[in-house]
Amino acid sequence: MTAGQANNWIILELPGLATNVGVARVAVAAFAAQLEFTLNDLEDIKLAVSEAVSNAVLHAYPPGEPGTVRIRAALVDGELELTVEDRGRGIDDVDRARQTGFSTLPDRMGMGFVFMEAFMDLVEVASRPGEGTTVRMRKRVGSEPRAEVPDQVQWDFAGAGPGPAHPRPDDSD
Amino acid sequence: MVVARIAGELDCYTAPTLREVLDRELDASGAASLVLNLRDASFIDSSGLGAILGRYRRLAPGGGRVAVCEAQPSVRRVLELAGIPRIIPLYPSEEQALEAQKAVGT
Numbered sequence: 028m029t030a031g032q033a034n035n036w037i038i039l040e041l042p043g044l045a046t047n048v049g050v051a052r053v054a055v056a057a058f059a060a061q062l063e064f065t066l067n068d069l070e071d072i073k074l075a076v077s078e079a080v081s082n083a084v085l086h087a088y089p090p091g092e093p094g095t096v097r098i099r100a101a102l103v104d105g106e107l108e109l110t111v112e113d114r115g116r117g118i119d120d121v122d123r124a125r126q127t128g129f130s131t132l133p134d135r136m137g138m139g140f141v142f143m144e145a146f147m148d149l150v151e152v153a154s155r156p157g158e159g160t161t162v163r164m165r166k167r168v169g170s171e172p173r174a175e176v177p178d179q180v181q182w183d184f185a186g187a188g189p190g191p192a193h194p195r196p197d198d199s200d
Numbered sequence: 256m257v258v259a260r261i262a263g264e265l266d267c268y269t270a271p272t273l274r275e276v277l278d279r280e281l282d283a284s285g286a287a288s289l290v291l292n293l294r295d296a297s298f299i300d301s302s303g304l305g306a307i308l309g310r311y312r313r314l315a316p317g318g319g320r321v322a323v324c325e326a327q328p329s330v331r332r333v334l335e336l337a338g339i340p341r342i343i344p345l346y347p348s349e350e351q352a353l354e355a356q357k358a359v360g361t
């Protein structure tokens with residue numbers, strides 16, 4: 028086996044329905060359990076899958092017209108490699124979407140990418156408006172969540188929301 | 256005071272229902288204070304956190320409070336890593352959460 032070659036993998040294709048988010052995270056965690064991940068690691072993976080698939084479900088496709096979400100999990104050199112891909116509307120400004128507290132939907136808190144980054148070792152986002160979004164993540168066995176999440180998130184509840192003062196016109200809840 | 260015992264997984268599939276039920280109970284009771292018992296909640300992500308924080312946002316301006324109790328270690332870990340305890344206290348037991356809520360007069 029050469030370095031970087033996947034020695035086991037699964038691909039899941041699901042309609043982007045909210046009810047499938049739980050299916051996706053449980054399936055990926057069951058697959059990842061082949062490596063010597065701790066229970067905390069597997070919880071981290073479930074959370075990251077949940078956030079990435081939720082983004083695809085909630086943002087990629089028009090309401091009521093769920094397109095396909097494709098999830099690939101691979102075990103490569105003792106790491107979990109995870110890809111969550113949609114063919115939806117894409118993200119206009121990826122850098123902005125990754126900032127703490129940015130969300131275009133009420134009650135979403137803009138925590139999705141922050142959680143993925145905190146709980147996985149690597150997060151890459153590629154998106155083209157009108158073509159879709161691909162989130163690629165990696166998790167090593169035994170890596171701990173980064174402790175900076177609490178420092179990043181300044182819960183400012185003077186009625187506004189978490190994080191820096193990004194305008195969140197849709198976030199009225 | 257509204258006490259809600261929540262079972263199952265809190266994600267973008269279940270969060271809208273949770274939000275709706277909690278708001279209905281808060282509306283009906285006029286309560287300023289909410290205790291969420293998460294003993295039987297097995298998973299939470301940012302959508303679940305959003306539903307909880309949204310209730311805090313609703314109650315806080317009127318001096319109300321939200322407390323969480325009996326969260327399982329995996330759920331507690333997410334709450335802590337997200338910095339939630341800075342605004343929503345976590346208690347090991349429902350009894351302690353209720354005592355604390357009464358003590359501050361909500």
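These protein sequences, in sequence, are chains A and B.
Residue numbering for the first sequence follows my numbering, beginning at 28 and increasing consecutively.
Residue numbering for the second sequence follows my numbering, beginning at 256 and increasing consecutively.
We put the beta carbon where it would ideally sit given N, CA and C, even for glycine.
Keep in mind it's a predicted model, so treat the numbers as computed, not measured.
Check: Counting only beta-carbon separations shorter than 9 Å, does B:Gly319 have a partner in chain A?; Outcome: no
Check: Name the DSSP bridge partner or partners of B:Asp295?; Outcome: B:Ala262
Check: Classify B:Gly317 as helix, strand or coil using the three-state DSSP reduction.; Outcome: helix
Check: When burial is assigned at 16 or more other CB atoms within 10 Å of the CB, is B:Ser284 buried or exposed?; Outcome: exposed
Check: Determine whether the beta carbon atoms of A:Arg97 and A:Leu39 lie at a separation below 9 Å.; Outcome: yes
Check: Taking only runs that begin and end inside the region 97–132 of chain A, name each unbroken alpha helix (DSSP H) of 4 or more residues, in chain order.; Outcome: 121–124
Check: Quick check on this structure: which residue in B:Glu354, B:Val359, B:Glu349 and B:Ala306 has the alpha carbon closest to the alpha carbon of B:Asn292?; Outcome: B:Glu349
Check: Give me the subset of the region 319–339 of chain B whose CB atoms are less than 8 Å from a CB atom of chain A, sorted by chain position.; Outcome: Ser329, Arg332, Val333, Glu335, Leu336, Ala337, Gly338 and Ile339
Check: From the DSSP output, in three-state form, read off A:Asn82 for me.; Outcome: helix
Check: Look up B:Met256 in the DSSP assignment and say whether it is helix, strand or coil.; Outcome: coil
Check: Can you name the start and end residues of the beta strand (DSSP E) that A:Met164 belongs to?; Outcome: Gly159 to Arg167
Check: Report the CB separation of A:Gly117 from A:Ser154 in whole angstroms; it is logged as a contact under 8 Å.; Outcome: 5 Å
Check: Does the beta-carbon of A:Asp178 have 16 or more other beta-carbons within 10 angstroms, so that it is buried, or is it exposed?; Outcome: Confidence at A:Asp178 is low in this model, with a pLDDT of 47, below 50, so the placement of that residue should be treated as unreliable; the coordinate-derived value is given next. Exposed: under 16 other Cβ atoms inside 10 Å.
Check: Bridge partners of A:Val152, per DSSP?; Outcome: A:Val162
Check: When you compare the CB positions of A:Thr65 and A:Val111, do they come within less than 9 Å of one another, or not?; Outcome: no
Check: Kindly indicate which three-state DSSP category B:Ala322 falls into: helix, strand or coil?; Outcome: strand
Check: Let me see if you follow: with CB-CB separation under 9 Å, is B:Asp266 close to chain A or not?; Outcome: yes
Check: Since B:Asp282 meets chain A, which of its residues come closer than 8 Å, beta carbon to beta carbon?; Outcome: Simply none; closest approach about 14 Å.
Check: For B:Leu353, list the residues DSSP reports as bridge partners.; Outcome: Paired residues: none, contrary to the question.
Check: Rounded C-beta distance between A:Val76 and A:Val55? I'm assuming under 8 Å.; Outcome: 5 Å
Check: Nearest-angstrom Cα distance between A:Gly105 and A:Arg167?; Outcome: 7 Å
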